[in-house]
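Contents: one structure, followed by commentary.
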Amino acid sequence: MPQPLNYLKETASQTAGPYVHIGLIPAMAGFDIFEKNFSNVLVTPNTKGERITLEGKVLDGTGTPLRDVLLEIWQANAAGRYNHPADRSAGALDDEFRGWGRAGSDFDSGLVTFETIKPGAITDRTGRKCAPHVNVWIVARGINIGLNTRLYFSDEEAANAADPVLNLIEHPVRRKTLIATRSERAGKVVYAFTINLQGPEETVFFDV
Amino acid sequence: MNAQAPALRDPRLNRPEPLPPPLGDGGFFQRDRAIHPPVHAPGYKSSVLRSPRQSLLSLENSISEITGPVFGHNDLGPLDNDLIRNYAKDGDPVGERIIVHGRVLDETGRGVPNTLVEFWQANAGGRYRHKKDTYLAPIDPNFGGCGRALTDDTGYYYFRTVKPGPYPWRNYVNSWRPAHIHFSVFGSGFAQRLITQMYFEGDPLIPVCPILTTIPDKDALDRLVAPLDLNASTPFDSLAYRFDIVLRGQRSTYFENRTAGN
Chain C
6 MPQPLNYLKE TASQTAGPYV HIGLIPAMAG FDIFEKNFSN VLVTPNTKGE
56 RITLEGKVLD GTGTPLRDVL LEIWQANAAG RYNHPADRSA GALDDEFRGW
106 GRAGSDFDSG LVTFETIKPG AITDRTGRKC APHVNVWIVA RGINIGLNTR
156 LYFSDEEAAN AADPVLNLIE HPVRRKTLIA TRSERAGKVV YAFTINLQGP
206 EETVFFDV
Chain E
8 MNAQAPALRD PRLNRPEPLP PPLGDGGFFQ RDRAIHPPVH APGYKSSVLR
58 SPRQSLLSLE NSISEITGPV FGHNDLGPLD NDLIRNYAKD GDPVGERIIV
108 HGRVLDETGR GVPNTLVEFW QANAGGRYRH KKDTYLAPID PNFGGCGRAL
158 TDDTGYYYFR TVKPGPYPWR NYVNSWRPAH IHFSVFGSGF AQRLITQMYF
208 EGDPLIPVCP ILTTIPDKDA LDRLVAPLDL NASTPFDSLA YRFDIVLRGQ
258 RSTYFENRTA GN
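Respectively, the protein sequence lines represent chains C and E. Taking our numbering, the leading residue of the first sequence gets 6, the next gets one more, and so forth. Taking our numbering, the leading residue of the second sequence gets 8, the next gets one more, and so forth.
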């Protein structure tokens, strides 16, 4: 017998369940408990960058919006820098931007929104340029392990065409499942997205 | 607010020696999907229409996955890890008083310091304080059912609560959830993000739970069951259960004069 390596094993995932709001966004469950709460607003008045709204739905295999889903997003700031010590890239940090937020879908419409800024292009540790994107993590009743995907921006065609992750997707027809569509509404920039859990338009999910 | 409840004490633990972190590119160890429930698990009916059918696209970790949100004590309030007090209106909540404690580790056995752990649960009767929960067991006016803690520099966390009750749910006609506490954990990178559930030693509902039994690996299932930890209990006050949580390990990477990922 060789020596044992003695690594521990990761704890198994379990569904977040229908009442995920209690723990992560208690105001949506219908009560007020914490002095400080996390939310879907990532910006302060002093955050640098273009204000955008991310707005979308997560659809099940029948095309029905999930109304009990929770999304978290993690993104770089307007200079393309993550607010984390492992990111040593050249862009300036923004003290007014953590880069993370969470949102529950509306209990009636299933709509999910985030108020954030458009991230800058990212330079990976190997020096390659990556198109601006937002990392998304999805949990809900019926989802046994959190789903990882990304949102890219429809007005970044050239950067998207060169993005190393989008280019990993074998079928070009599936790349568009990660593209959020830009529009302007009452002077606000809105990027609309749809995440399909199943079906011919199934969103690309990543094993990260 | 109840002035009678004694303060929550800090039940410390002995700590095993961690493994050295393997050298490499700073990425996380590949997730072993065989110890996790499959996305499509027909015995848990809600998973059928909510599970992707295409293969996941394997992505070597980039800076987007190695980084993740950083939290601090400024994000929390002083009672956030005390579910006996944090929603008390005119007395203590009903139920068995318990302490839940343990460490957040990575797969090398190192503590994950300063990471956010969030938890939520039903009350002692098995009822959630949630506008969508209609189970006939009563809401407890003194119990909210959620809390959070930041691990210390060794990965240790603890909180106080009441033991949640089992409750029925619509899967099969007579499906009951074993008593459980939901946990949400971050780690240092977004690829470590994990939600799981903690169960209680000796609960006869564990082997018949359609959600718990989605886990294909018996040992992985057993690791979700917290043992009674009598040594950490507070005499004449609270029993204790110990629950360690393991996040994915990370390879080291060298830059400037220090290592990261360890």
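Virtual Cβ for every residue (Gly too), placed ideally from N, Cα, C.
Taking one beta carbon from each stretch, the stretch 55–74 of chain E and the stretch 200–212 of chain C have 3 or more pairs nearer than 8 Å; the two touch. Of the candidates F39/C, L75/C and I143/C, F39/C places its Cα closest to the Cα of N81/E. DSSP, reduced to helix, strand and coil, places P31/C within a helical segment of the structure shown. F197/E carries a helical assignment under DSSP once its states are collapsed to helix, strand and coil.
Approximately 6 Å separates the beta-carbon atoms of R136/E and F36/C; this is inside 8 Å, confirming the contact.
Between the stretch 151–169 of chain C and the stretch 42–54 of chain C there are fewer than three inter-stretch CB-CB distances shorter than 8 Å, so the stretches are not counted as touching. Given a length threshold of 3 residues, each whole run of the beta strand (DSSP E) inside the stretch 77–130 of chain C is given here in chain order: 105–109 and 117–122. Of R255/E, Q257/E, N238/E and S259/E, the smallest CA-CA separation from R249/E is found for N238/E. A contact between stretches requires three or more CB pairs, one per stretch, nearer than 8 Å, and the stretch 197–204 of chain C meets this requirement with the stretch 179–188 of chain C. Counting the other Cβ atoms within 10 Å of the Cβ of T141/E gives fewer than 16, which makes it exposed. Relative to V141/C, the option among L59/C, E15/C, L29/C and D113/C whose CA is nearest is L59/C.
Taking A227/E as the centre and dropping the five residues before and after it, the same chain places the C-beta of I42 closer than 7 Å to its C-beta, in chain order.
When C-alpha distances from F243/E are compared across Q37/E, I105/E and G118/E, the shortest belongs to I105/E.
Rounded to whole angstroms, the gap between the alpha carbons of P214/E and H89/C is 41 Å. Closest option to Y51/E, judged by alpha-carbon separation, among S65/E, D99/E and N178/E: N178/E.
Chain order gives no chain C residues near H80/E, where near means a beta carbon separation below 8 Å; the closest approach is about 11 Å. With contacts defined as CB atoms closer than 8 Å, K123/C and E55/C qualify as a contacting pair. Taking 7 Å as the cut-off between beta carbons, the residues of the stretch 179–209 of chain C near chain E are L202, Q203, E207 and V209, in sequence order. Separation of the CB atoms of S53/E and G147/C is rounded to 3 Å, and the pair is thereby assigned contact status at 8 Å. Ranking A97/C, P50/C, I174/C and T67/C by CA distance to the CA of E120/C puts P50/C first.
Put simply, of D73/C, D99/C and Q8/C the residue whose alpha carbon is nearest the alpha carbon of L47/C is D99/C. Proximity of chain C to V253/E at the Cβ level (cut-off 9 Å) is accounted for by L13, K14, E15 and T16, in chain order. Below the 9 Å Cβ cutoff, chain C contributes V213 as neighbours of N68/E, in chain order. The DSSP-derived three-state label of P70/C is strand. Residue state for D113/E is assigned as strand, using DSSP reduced to three classes.
The beta carbon of E208/E lies closer than 8 Å to those of V232, A233, P234, L235 and Y248 in the same chain, with the five residues before and after it left out.
The shortest CA-to-CA distance from F78/E to any of K225/E, V124/E and Q257/E is the one to V124/E. Leaving aside the five residues that flank L26/E on each side, the residues in its chain whose CB is nearer than 7 Å to its CB run, in chain order, T115 and G116.
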